[in-house]
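Peer 1:
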Amino acid sequence: DAKTTQPTSMDCAEGRAANLPCNHSTISGNEYVYWYRQIHSQGPQYIIHGLKNNETNEMASLIITEDRKSSTLILPHATLRDTAVYYCIVRGLGTDKLIFGTGTRLQVFP
Amino acid sequence: DSGVTQTPKHLITATGQRVTLRCSPRSGDLSVYWYQQSLDQGLQFLIHYYNGEERAKGNILERFSAQQFPDLHSELNLSSLELGDSALYFCASSVSFGQGVMNTEAFFGQGTRLTVV
Numbered sequence: 001d002a003k004t005t006q007p008t009s010m011d012c013a014e015g016r017a018a019n020l021p022c023n024h025s026t027i028s029g030n031e032y033v034y035w036y037r038q039i040h041s042q043g044p045q046y047i048i049h050g051l052k053n054n055e056t057n058e059m060a061s062l063i064i065t066e067d068r069k070s071s072t073l074i075l076p077h078a079t080l081r082d083t084a085v086y087y088c089i090v091r092g093l094g095t096d097k098l099i100f101g102t103g104t105r106l107q108v109f110p
Numbered sequence: 111d112s113g114v115t116q117t118p119k120h121l122i123t124a125t126g127q128r129v130t131l132r133c134s135p136r137s138g139d140l141s142v143y144w145y146q147q148s149l150d151q152g153l154q155f156l157i158h159y160y161n162g163e164e165r166a167k168g169n170i171l172e173r174f175s176a177q178q179f180p181d182l183h184s185e186l187n188l189s190s191l192e193l194g195d196s197a198l199y200f201c202a203s204s205v206s207f208g209q210g211v212m213n214t215e216a217f218f219g220q221g222t223r224l225t226v227v
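Sequence order for the protein chains is E and B. Here the first sequence is numbered in the numbering used here, starting from 1 and rising by one per residue. Here the second sequence is numbered in the numbering used here, starting from 111 and rising by one per residue.
#1: Spatial neighbours of S148 of chain B within its chain, please: C-beta separation below 7 Å, excluding the five flanking residues on both sides.
#2: D139 of chain B by DSSP, collapsed to three states: which one?
#3: Among E:T72, E:M59 and E:G92, which residue has its Cα nearest to the Cα of T79 of chain E?
#4: Assess contact between the region 5 to 17 of chain E and the region 94 to 108 of chain E, defined as three or more Cβ pairs (one per stretch) separated by less than 8 Å. Is contact present?
#5: Which of the three DSSP states, helix, strand or coil, is assigned to R132 of chain B?
#6: Buried or exposed: which applies to I97 of chain E, given that a residue is buried once 16 or more other Cβ atoms fall within 10 Å of its Cβ?
#7: Closer than 9 Å, Cβ to any Cβ of chain E: which residues of the region 119 to 135 of chain B, in chain order?
#8: Using a Cβ-Cβ cutoff of less than 6 Å, which residues in the same chain neighbour N244 of chain B once the five nearest sequence positions on both sides are dropped?
#9: Ordered along the chain, which non-local residues of its own chain (more than five positions away) have a Cβ less than 8 Å from that of T121 of chain B?
#10: Taking all protein chains shown into account, decide if Q127 of chain B is buried (16 or more other Cβ within 10 angstroms of its Cβ) or exposed.
#11: Establish whether the CB of H183 of chain B and some CB of chain E are separated by less than 8 Å.
#12: May I ask you to list the residues that DSSP assigns as paired with A84 of chain E?
#13: In the DSSP assignment, the beta strand (DSSP E) including P21 of chain E goes from what residue to what residue?
#14: If we ignore side chains and look at the alpha-carbon of each, how far apart do I157 of chain B and F179 of chain B end up?
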């Protein structure tokens, strides 16, 4: 599975959009980008995933660059409850396991 | 609520002892994964079972073992416990596995916090 690089930490004001970047320059054609988050020692929570098209669901949007070497997770209106560690994971089709990196610690402040 | 149930939520035991952690996957999920999260480390993949068969191993110690039963629940057995085994242990489940199958998300339980004293 391709390696990912994320900033260690980020801050965001409540109500503003949180844009979390992820670099995955060695991603291959059949590998998906997944985002999970972990709120203070709770079980990781699935957010969104995509292959090459931008994706949106009720939680977030995922923007993947055309060359697929990087992506951005967007939380459109961050709340205090979005404070968490966000993990960007690249996972191949048919690959069973998720390999977590160190993630980005997002702090949403009032 | 992810639908994945882990028991017990907390466990305190002494060094040298053996414990069993239990995981009930979401209804219909055939895959079960185990992860370890220590205070100073991230989420470490331990092992994956699919429909009762071991599919992948990660950084799992020889003192640790797991199995998945016919009813699809899974148990992680930790023996000869050491202080360094103190951690959160997470179980996750997902529907599918295998080449050609659309990737699906994994759902995590709330974990078992193991403290070895």
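The C-beta atom is built at its ideal place from N, Cα and C for all residues, glycine as well.
Peer 2: So, from the data block:
#1: A197
#2: coil
#3: E:M59
#4: yes
#5: strand
#6: Reading the sequence as shown, one finds Lys at residue 97 of chain E and not Ile. Buried, since its Cβ has 16 or more Cβ neighbours within 10 Å.
#7: none
#8: Shown here, chain B extends from 111 to 227; a query on residue 244 of chain B therefore has no answer.
#9: Residue identity check: residue 121 of chain B is Leu in the sequence provided, not Thr. Same-chain partners within the cutoff: V129, L131, T222, R223, L224 and T225.
#10: exposed
#11: no
#12: E:L106
#13: A18 to N23
#14: 15 Å
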